[in-house]
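>
Numbering (the numbering used here), first residue to last: 9 to 145.
#1: By how many angstroms is the C-alpha of residue 20 removed from the C-alpha of residue 98?
#2: Quick one: does residue 114 have its CB under 8 Å from some CB of chain D?
#3: Determine, using beta carbons only, whether residue 81 and residue 128 come nearer to each other than 8 Å.
#4: Helix, strand or coil for residue 26 per DSSP?
#5: Counting only the same chain and skipping the five closest in sequence on each side, list residues whose C-beta sits under 7 Å from that of residue 74.
#6: Within the continuous alpha helix (DSSP H) that includes residue 33, where are the two ends?
#7: Less than 6 Å between C-beta atoms, sequence neighbours within five positions excluded: which residues of the same chain meet that for residue 76?
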């Protein structure tokens, strides 16, 4: 399966929407499909992977995912990085570099349905207690 949207939707089916979609919750399958969608360029999946890594204390990996997601046009991750600069988690240089890539991405895509969907998803991703949520990144 090579569709990033399909992989992202499957990741959600095995994760927080498993009951609504009538499947067993399966974190391994969720992670697999998130990684596949991210490798195919899905910004929302990158954002989710950042949350996943952050919840496990893997901050370097989390930062990398959020920077890639923001660079692909995810405004929610860009704002997360901006807040991270204020808290000392991200450097100003990391923010400036990501902002430059974000602006290039927005300029190239102008009005993209996929970008709009990714922004909506990135703004509304909520995870359980601990990790990233306690830092409000």
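Backbone N, C-alpha and C fix where the C-beta goes; we use that ideal spot for every residue, glycine too.
On the basis of the data shown:
#1: If you number the chain shown from 1, residue 98 lands on position 90. If you number the chain shown from 1, residue 20 lands on position 12. Cα to Cα, residue 98 sits roughly 28 Å from residue 20.
#2: Structure shown: chain D not included; a single protein chain is present.
#3: As a working mapping, residue 81 is identified with position 73 in the chain shown. As a working mapping, residue 128 is identified with position 120 in the chain shown. Not closer than 8 Å, so no.
#4: Against the chain shown, residue 26 aligns to sequence position 18. Reduced to three states, the DSSP call for residue 26 is coil.
#5: Here residue 74 refers to the residue found at position 66 when the chain shown is read from its first residue. Cβ neighbours of residue 74 beyond the five flanking positions: 55, 58, 85, 88, 89.
#6: Position 25 of the chain shown, counting from 1, holds the residue named residue 33. Careful: residue 33 lies outside any alpha helix (DSSP H) and carries neither H nor E.
#7: Counting from one through the chain shown, the residue named residue 76 turns up at place 68. Cβ neighbours of residue 76 beyond the five flanking positions: 54.
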